[in-house]
Amino acid sequence: MPKTQQVTPSECPAARVRGVSKFYGSVRAVNDVTFDVASGELLTLLGPSGCGKTTIMRSIAGLERITRGEILLRDRVMSSAAERIHVAPEKRDVGMVFQSYAIWPHMSVFENVAYPLRCRKVAKPEIEVRVREGLRLVEMEDFHDRPATMLSGGQQQRVALARSMVMQPSVLLLDEPLCNLDAKLRAQMRSHIKDLQRKTGLTMVYVTHDQVEAMALSDRIIVMNRGVIEQVGVPEEVYERPQSEFVADFVGAINFFPGTIVEEGGVNGTIRVSTGSEVLACTLDGRVSPAMRDRVLLMIRPEKLTVDDGSGRAPTLLHDSDAPVNSVRARVSSHTYCGDHCELGFEGRDFHLKAMLPSAISPAVGQEAVIAFSARDLHLLPAGAGAVRCGQATASVPEA
Amino acid sequence: MSASDSALSARGGLDGFGQTVLYSVVFVIVAGMVVAPVLFLAVNSFQLAPPGQPAKWGLDAWRVALGNSDIWLAMWNSIRLYFATSIFSWPIAIMLAWIVGRTDIPGKRQIEFLLWLSFFLPSLTVVMGWITMIDPTTGVINQLLRKLPFVGGTEGPFNIYTFWGLVWVHLGQNAIAVKTILLIPAFRNLDAAMEEASRLSGAGVFRTLRCVVIPLMGPPIIITALLGFVRLWQSFETELVLGVPQGFYVYGTKLYDLINAEIPEYGQATVLAVVVIGMTLPFMVLQQRFSVSRNYETITGRARANPTALGRARMPVFAAVMFIAVLVSIVPVIAVVTATFMKVFGYFQIENPWTLAHWTRVLQDPVFLHTVRNTLVIGVGAAVLGVVVSLLVAYILVRTKFVLRAPLDIVTWLPHALPGTLMGLGMLWLVLTFLKPFYGSILLLIVVTVMAGLTVGVQIIKSNLIQLGTELEEASRLHGASWLYTMWRVVIPPLAPVLILIATLKFVSASRDVSTIILLASGDSMTLSLLQLDYMVAPYWESATVVAVVMTLISTGVALAARAFDVRLGPR
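Sequence lines, in order, name chains U and E.
In terms of the numbering used here, the first sequence is numbered consecutively and its last residue is 462.
In terms of the numbering used here, the second sequence is numbered consecutively and its last residue is 893.
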């Protein structure tokens with residue numbers, strides 16, 4: 063008994079996930095997750111393996127039965143635990159690109175892509191046209207008659223994409239589609255997928271554990287951990303203003319300073335935080351919340367640090383005229399050359415720091431240096447934010 | 322110290338020469354045991370004197386045999402029977418394997434266990450079970466059906482002593498169970514994403530099964546089919562019991578008949594043997610190619626346990642599958658066990674039909690006790706010798722660069738294709754000519770059953786050795802261990818469960834074998850299965866049922882004991 067929502071098609075999300083939980087026995091793979099997928103957007107579910115992202119995606123596809131909550135595609139209820147609705151996967155009009163591609167080896171490239179159309183009883187001449195169009199989109203039109211077993215990983219990937227797009231699904235799900243490709247091909251396919259999404263306007267839900275991939279592709283990112291949503295936002299938000307220690311740590315490298323607020327209400331909302339040995343200035347976007355009264359966590363990305371090793375080659379910090387600059391002394395404890403940049407480890411009096419610097423600036427291990435960073439680039443969180451919430455997600459399910 | 326150090330060298334305790342000698346000895350023994358009887362048969366088909374007498378050469382045997390229409394009819398019957406059985410067994414086995422391997426029915430482990438039980442049942446036990454049920458006059462099912470108003474009569478409606486009766490019994494023996502057991506892992510290992518991609522493309526459960534799952538299972542199905550096809554000449558004891566009374570001969574029984582005639586027709590029998598070897602070899606080579614190339618590996622992936630939901634059909638499907646599983650395992654056993662306690666086989670209507678007399682009579686019979694001892698000795702002997710030979714051969718094939726590996730590989734496939742009666746005949750001839758003192762000895766029976774079962778053992782160890790990788794051994798050698806020490810400490814321990822599995826299979830097949838040993842056993846080396854056959858032909862049906870139950874207890878008992886030792890016998 064599908065419920066109809068009182069929404070006009072234009073503002074109707076392509077998919078709605080409402081309070082969905084999935085338990086395997088006592089293991090809570092997904093716990094009360096709610097989000098919408100807007101029509102035409104590329105939404106990424108990002109998180110470590112076992113965080114529940116694949117389970118959610120498979121639930122949308124109808125490959126898993128949910129324990130609680132409901133899932134709607136357009137305005138149709140596809141899964142509802144309360145009403146015991148579970149529409150079969152073949153009736154959901156959802157496309158999916160599998161991690162293993164799942165290209166059927168006993169069919170040619172053409173037959174693989176034509177399969178969804180044959181299932182929909184599309185007329186033969188139209189199948190011919192649409193398959194060719196689909197293969198052209200993924201730049202595989204010359205492989206038409208090739209047996210599927212004679213394809214490389216990247217080519218299988220493209221065929222899988224064509225196969226899932228040719229039926230013009232209401233939502234296209236992509237399950238870590240790039241993780242079996244080598245680094246170069248991965249970058250290539252990443253931009254190709256982004257391109258396809260722009261051209262076709264398909265709604266995509268993309269699952270990955272790779273934060274670079276998520277940043278590069280997504281309109282919006284949902285960061286998940288232990289079966290719950292940690293943060294939802296556009297890539298910049300997730301990277302620049304992580305709402306929890308987990309998100310900060312998972313999305314890129316980061317330095318933490320635990321401390322307590324010692325002074326509030328400076329110019330432009332600047333506060334001062336004591337980390338023990340240092341007192342750091344931090345520009346706050348909002349107000350100091352009651353949760354910050356106790357302990358706080360300051361964080362800063364390694365690329366926001368600048369280092370003066372006394373050689374005079376350090377890049378000048380581009381000060382905001384109104385933001386104070388913090389500087390701390392530390393000894394270089396490690397130095398890793400990475401080609402276009404180098405990664406440095408620093409040992410302070412009671413802190414460790416990692417910095418990402420241009421290769422030209424390379425203080426030697428053991429050398430003293432002054433590390434400077436803007437109060438604007440420091441991000442403040444109440445200590446313990448986003449730590450395991452009581453009673454939730456006690457165990458994780460191994461994925462894949 | 323330094324002398325032994327250099328002898329150890331990079332290759333270990335046995336130096337290169339020593340190893341080559343060892344491998345050559347293994348090759349000569351194995352090839353000799355397998356190929357010599359066959360060659361002997363071929364040569365002797367041009368020889369007119371019976372075994373053990375001065376040779377007389379000529380083409381008479383060929384002339385007579387090729388003109389003997391009975392021989393051709395028997396061969397045609399083998400083929401006919403095989404295909405009639407296959408028409409039913411294949412669709413059923415594929416459906417069963419799919420249901421057990423990929424759907425969400427309950428009790429999968431129990432079903433798989435019953436199929437394994439069926440595999441371990443001696444074929445004569447199953448034959449007796451079905452005779453108890455569908456013998457035209459005394460069969461219980463027939464008696465019950467005749468009570469129905471519209472059936473009536475004094476015979477039938479079913480008759481086991483017919484062509485279709487034979488087909489039915491073959492289905493109940495191994496035709497369904499073995500195929501299903503072999504196919505279940507292939508179905509189970511199929512990457513679930515293959516099915517899921519089809520479902521998301523808009524195909525339902527059955528379209529997915531038809532268009533994706535079964536085509537993907539093509540290679541394992543073909544391998545299993547070839548495996549069965551080369552064995553189409555094997556069937557023997559079932560036809561001996563059910564076919565001969567109706568004048569229906571197949572290849573194996575005809576061969577036996579020619580030799581067991583009042584004046585043994587050795588010449589014609591050898592011709593019959595040579596013809597079948599010639600017909601089987603191409604298929605054997607084909608099957609070996611297929612099994613080795615393993616081109617279905619591309620389709621297996623990390624199996625995600627995501628069975629297809631059958632919805633409302635779940636319980637009915639479960640009931641149907643369980644029914645088949647019980648029918649091929651427990652039902653014939655129950656029938657035979659019941660029969661052992663009946664005064665007269667099949668007569669329920671007499672007053673007080675039950676008795677323990679058959680059990681007490683058979684269990685006190687010194688001949689019976691002697692055959693039990695023989696059976697156990699042969700079973701244990703075959704298990705031990707079989708494991709040693711299989712391990713050595715598999716090791717040589719997988720791990721060494723021994724020059725005669727390729728011929729050795731072919732030799733190990735040959736026994737799988739050779740009918741047991743033929744192997745037995747070749748060995749009989751060989752023994753009567755060169756090794757007369759061994760005729761009728763238990764040692765001979767052990768050797769011949771080991772050789773007859775060589776293929777399976779070698780193949781299983783081979784695949785496990787390949788998976789094991791060479792690094793473990795190389796590491797052992799680099800740390801200073803000899804070849805022998807490495808075998809003992811590094812190669813054999815991880816293979817232990819597999820070796821126990823092979824020992825079990827050898828024990829069970831040797832202890833219940835009929836076709837390979839029937840021409841070779843004497844009164845002294847008589848086994849339970851031959852005793853059972855004697856009783857059935859006599860006919861002392863009641864005694865035969867007791868022997869059948871004892872045989873069944875021995876073979877299933879050993880299989881169950883091996884399971885307790887964590888051997889991969891059937892489902893966990």
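By construction, the Cβ of each residue, glycine as well, lies at the ideal position given by its N, Cα and C atoms.
As computed with DSSP, G761/E is found in a beta bridge with A842/E. With a threshold of 9 Å between beta carbons, C113/U makes no contact with chain E.
When secondary structure is reduced to three states using DSSP, I671/E falls in the coil class, being assigned neither helix nor strand. Spatial neighbours of K366/U in its own chain (CB-CB distance under 6 Å, excluding positions within 5 residues in sequence) are listed in chain order as F435, D439.
Along the length of the region 776 to 858 of chain E, whole alpha helix (DSSP H) runs at least 4 residues long occupy 792 to 799, 804 to 807, 813 to 833, 849 to 858, reported in chain order. A straight-line Cα-Cα distance of about 10 Å links L247/U and S253/U. Sorting A582/E, E583/E, I584/E, F557/E by C-alpha distance to the C-alpha of V571/E places F557/E at the top.
When only Cα atoms are considered, T837/E and A590/E end up about 15 Å apart. Near chain U, meaning a CB-to-CB distance below 7 Å, the residues of the region 501 to 515 of chain E are D512, A514, M515. With contacts defined by Cβ atoms closer than 9 Å, L104/U and R357/U do not form a contacting pair.
Ranked by Cα distance from T574/E, the first of L841/E, S399/E, T848/E is S399/E.
With respect to chain E, the C-beta atom of M158/U has a partner C-beta closer than 9 Å. In the displayed model, T733/E falls within a helix according to three-state DSSP. The three-state secondary structure of F557/E, taken from DSSP, is coil. Counting C-beta pairs with one atom in each stretch, the region 827 to 835 of chain E and the region 772 to 782 of chain E have three or more that are closer than 8 Å, which means they touch. Contact of R610/E with chain U is not assigned, every C-beta pair being separated by 9 Å or more. The beta carbon of M229/U sits closer than 9 Å to some beta carbon of chain E. Close to chain E, meaning a Cβ-Cβ distance shorter than 8 Å, are the following residues of the region 170 to 194 of chain U: Y177, P178, C181, R182.
Where R90/U is concerned, there is no enclosing alpha helix (DSSP H), although the beta strand (DSSP E) around it starts and stops at 89 to 99. DSSP, read as helix, strand or coil, puts E405/U in strand. For G314/U, no alpha helix (DSSP H) encloses it, and the DSSP letter there is neither H nor E. Cβ neighbours of I413/E within its own chain (closer than 6 Å, five residues either side excluded): I497. For the 9 Å CB-CB criterion, I122/U and A143/U do not form a contact.
For C241/U, no alpha helix (DSSP H) encloses it, and the DSSP letter there is neither H nor E. Residue range 186 to 199 is occupied by the alpha helix (DSSP H) that includes E195/U, with no beta strand (DSSP E) assigned at that position. In this structure, L442/E is the residue among V346/E, L442/E, T733/E with its C-alpha nearest to the C-alpha of I651/E.
Scanning chain U for C-beta atoms nearer than 7 Å to the C-beta of N627/E yields L125, reported in chain order. Among the residues of chain U, none has a CB under 9 Å from the CB of V638/E; the nearest is roughly 17 Å distant. DSSP places S280/U in the coil class of the three-state scheme, outside both helix and strand. One thing to note: M251/U has its Cβ no nearer than 9 Å to the Cβ of V221/U. In this structure, M663/E is the residue among L677/E, L563/E, M663/E with its C-alpha nearest to the C-alpha of I671/E. When rounded, the separation of the alpha-carbon atoms in I731/E and V606/E is 8 Å. Taking 9 Å as the Cβ-Cβ cut-off, the region 312 to 337 of chain U has no residue approaching chain E.
Annotation for K468/E: no beta strand (DSSP E) segment contains it, and DSSP assigns it neither H nor E. F85/U carries a strand assignment under DSSP once its states are collapsed to helix, strand and coil.
Around E152/U, the beta-carbon contacts reaching into chain E at under 9 Å are S519, R520, L521, S522, G523, A524, G525, V526, R528, T529.
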